[in-house]
Amino acid sequence: MKKILLFSLMMLGITGSAQLTVVKDVSATGLRPTDNEHFIWQNNRWNGKHYYGVTVSPSVAIAVTDGTDAGTKVIKNLGHSGVLSAAIKAIIPAKDHFYIHVYVYKSWSPYVQYDELWKSDGTDAGTVLLKRFDERGATTEGISITTDQYEAVNRSLSGNEMYFYGYTGSNGRKIWKTDGTAAGTSMIADKSGNALTRLNNDVYFASDFKLWKISGNTGSVELIDVPNIFIVATMRMAAFKNKLYFMGFDETNGVELWSSDGTPSGTKIFTNTSPLTNNVYSLTTFNLTSTDDYLLFSTLHNASDNTRHTLYRTDGTLGGTVQISPADAIDAGTSSGSMFSKTNQNFYCFNMSQKTIFRTNYQENGYSIVSTGAYNAGNLVDYKGTAWYAGGTANMSGNNDFAEPHRTDGVQTVKTFDIITLMQGTNNIGSNPFGFHELNGNLYFFAGLGNAMKLYQFQGDYTFNRSAGNSWNAPGNWNTGVVPLSSEDTLVPAGSDVEISSAASARNLALNAPLHIVSGSLNLAGDLDLNSRITLNNNAVNLKGTSSAITGGNTNNYIVTNGTGTVNVENVNAGRGTVNLPVGTANNYNPLTLANSGTSDTFSVKVSEGIANAPGGAVNATWDISEGTPGGSNATISLGWNASQQNGTFNPNNATVGHYVNGVWTAENSGAVSGSNPYTITGTGITSFSPFAVMNLGALATADPLKKNISVYPNPFREILTVTSQDKATVHFYDMTGKMVGSHALVKGTNVLNPAALKPGVYLYQVKNTSGNVMASGKVIKK
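Residue numbers for the sequence shown follow the working numbering, beginning at 2 and rising by one.
Put into structure tokens, the structure is as follows:
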């Protein structure tokens, strides 16, 4: 099954939409964010609202948005004077308030700058200065309340207690701690370092390529001395499931993932995933980031290229450590964390040098890679399973389509809005969207140029509304104003018929009206809740998810496989269990279930009226089943039909699943008929695929009544097989793929055969007379 989808559909989603609305003109109301960067928006939510900085020259104000016009406002002007400018560099949410890092640019000559630490509870009175740090020159590094180079987070935070990097003229940049009070804000370690990370009650950091610990009980600082190990990515560590993780190097293993319980003896290599042993590593922007279930890390596999990584995830056990990308598929990070986004369900990242977006669901082979063409992708945010980003070409000259809101499901990339064209009739530069964030189920972002920046709201309601007719592919027919992707849940309410005229996608689809696929296909990454009919014509419904299912199918609501249309199910394997496929013709409901205990594969199914070369008693329907890769399957199928489809000589008491192979119907191992309208019969041990039907064949039967003159026994056999014939003939043996594997000439009477070429297994046989007519056929088993 294909996992890499290297194509890009850079199509324009809409030119206007009821679901893209302007919340507020932030330029006109003095609420434009100071920086049009996404970094602060990764972690600036506190108490259900988002906070950011607004320039009030020469000072800065703290502003808030709750997604409404009235709720987007300034909380407090921080009141700087006698300076050139001020800006909010980071916001860290704590338990009872949030911390604010304010940078102040005091003078140019001499060059003087300094930092401040504030806290706020979202009110004017509750926004107070905790500490003004010493002034410093142009090249001196100041404070930082984020402990990660790429994410706006502080990994030492516990309640209101936060460790950070402070600065004084006498001590330089050292480790500080605050409890949210001025008295409780002080230097606690005369040590410089990086990657402050809390594990239980202690805080760890990297300094001089070694691991250090600050005791939460005593405040003592101690080296966790492990000989011959060096921390190579000193800007990031992670606490995950009661262990500390970092990228370490030793001469034997090279650069690998290490773990520690806070003791020298408990600090050791966690796993060896890279074939390299040299001390070369380039940090990805997302290395050692985590979800509730998994820790992500990456290693180098190619000695000649230290910019391409292979991605892994672990649940904290070796058995749960899995490679989740192809080797060398991920670029090393060259920018901030705005190039990736993670949730518990999905991880997206942009590969700048490759111009691709990588997506994974954290499972082995659960990835896709989609090209962005010439477009860069920044400010990535996962909104309800879809990655939104600022997409644009790197070339900024001419009409270059630069930096507009895009989105991707990992399969295709879509230019969703063209805001500058809407505003100015040109897209020479783009609206440069940033600050993507979710509130109350809606997506918000800032976009615009100069004095024309606005706060936008997008409501992700993919309900089909028929505003522009009955076409699925018309953006105006969806409440969102854009056509859904395979990561987006959709609803088609009851009403007039819906038509698909080109490729269509959804994650979960609730269908309550008839759907006709005129051309293209319907691709579903999730489930189909079928409360009406789908007519395929010559097209397809593709169930692409690892557990995609169809629910709600019945005699009235099913998929009509007229024409050459098929239902295609990917990832059919033992772990998935039985797949229910409510299929039928225009006149009859003929459901099918399929399970495969063999090699995972893609199966295609359709049903049609009639049956070719019926031997007599039969159900007037043919189920065509095929597999993507022949061989390796071991399937169980159940076929359903109505009494009206049975011909006059059909006897359900000795019915069997018939399999049409090499022009002859043969019997599969079948159970008894059960149920009523639909009736059901099950066949097991099926290893090859072609048309199937329900008929009266008998055990190891033939489609020719002359079989009474032919006997084949014993069955099963070990070495010797006896065939009796009333005339000269030839017996041919076929494996379950239809390949002939042996033939023997028969004389009149008894023929004792020793078909040594047949290995133990199941085979089909045909007995042909001297004119080439089939006299008998069936199935034999060699033990």
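In this text, a Cβ means the ideal position worked out from N, Cα and C, and glycines have one as well. In this text, all values refer to a predicted model and were calculated from it rather than measured experimentally.
Item	Value
Close Cβ partners of S121 (< 8 angstroms) along its chain, the five nearest in sequence each way excluded	Y52, I63, I76, K77, H98, F99, I101, G127, T128 and V129
One or two residues paired with Y313 in a DSSP bridge	F298 and Q324
Alpha-carbon to alpha-carbon, T373 and S398	Model confidence at S398 stands at a pLDDT of 40, short of 50, so the residue's coordinates are unreliable; what they give is reported in the following sentence. The straight-line gap from Cα to Cα measures roughly 19 angstroms.
Segment limits, beta strand (DSSP E) that includes Y590	Run containing Y590: none; DSSP gives neither H nor E here.
Closest Cα partner of M236 within the set N588, R156 and V768	R156
The beta strand (DSSP E) enclosing Y115, as first and last residue numbers	V113 to S121
Rounded C-alpha distance that separates G467 from I144	The question names Gly, but residue 467 is Arg in the sequence shown. Looking at the two C-alpha atoms, the distance is approximately 56 angstroms.
Which of helix, strand or coil DSSP assigns to N478	helix
Inter-stretch contact at 8 angstroms, needing at least 3 Cβ pairs: the stretch 717 to 727 / the stretch 634 to 643	no
Collapsed DSSP secondary structure at P706 in the structure displayed	Reliability fails at P706, whose pLDDT of 36 lies under 50, so the model's placement of it is uncertain and no value is given.
Element boundaries [beta strand (DSSP E), containing F287]	F287 -> no beta strand (DSSP E), and no H or E assigned at all.
Within 8 angstroms, strictly: CB atoms of W624 and F690	no
Cβ shell of G470 (< 8 angstroms), same chain only, five flanking positions each side left out	N478
Straight-line gap, A511 to R33 (C-alpha atoms, nearest Å)	40 angstroms
Under 8 angstroms between C-beta atoms of D410 and L529	no
Where V775 sits in the DSSP three-state scheme	strand
Short Cβ contact (8 angstroms threshold) for Y164 with L197	yes
D329 to T278 span [Cα, whole Å]	17 angstroms
Three-state secondary structure (DSSP) of P679	coil
Burial state of R133, where buried means 16 or more other Cβ atoms lie within 10 Å	exposed
Minimum C-alpha distance to D203 - residue among T725, D209, W213 and R137	W213
Beta-ladder partner(s) of N443, from DSSP	L440 and Q460
Backbone CA spacing between N572 and T308 [nearest angstrom]	33 angstroms
T667, buried or exposed, once every other Cβ within 10 Å from all chains shown has been counted against 16	buried
Where L645 falls: helix, strand or coil (DSSP)	With the sequence shown as reference, residue 645 is identified as Ser, and Leu is not the correct amino acid for it. Looking at S645 - three-state DSSP - the assignment turns out to be helix.
Whole runs of the beta strand (DSSP E) within the stretch 26 to 102, excluding any shorter than 3 residues	50 to 57, 60 to 66, 74 to 78 and 86 to 94
With 16 other Cβ atoms within 10 Å as the buried cut-off, status of V386	According to the sequence as given, residue 386 is Gly; it is not Val. The residue is buried, with at least 16 neighbouring Cβ atoms inside 10 Å.
Counterpart residues of S187 in DSSP-defined beta bridges	K178
Cβ separation of Y766 and G779, assumed to be a contact under 8 angstroms, to the nearest whole Å	6 angstroms
Simplified DSSP assignment, three categories, for T630	coil
Cα-Cα separation between A587 and T562, rounded to whole angstroms	8 angstroms
CA nearest to the CA of G578, picked from N652, Q355, S549 and Y390	S549
G496 versus G167, S86, P653 and P515, residue with shortest Cα-Cα distance	P515
Where S221 falls: helix, strand or coil (DSSP)	coil
Among A88, S110 and N597, nearest to D116 - alpha-carbon criterion	A88
Minimum C-alpha distance to I370 - residue among S283, V695, I331 and S645	I331
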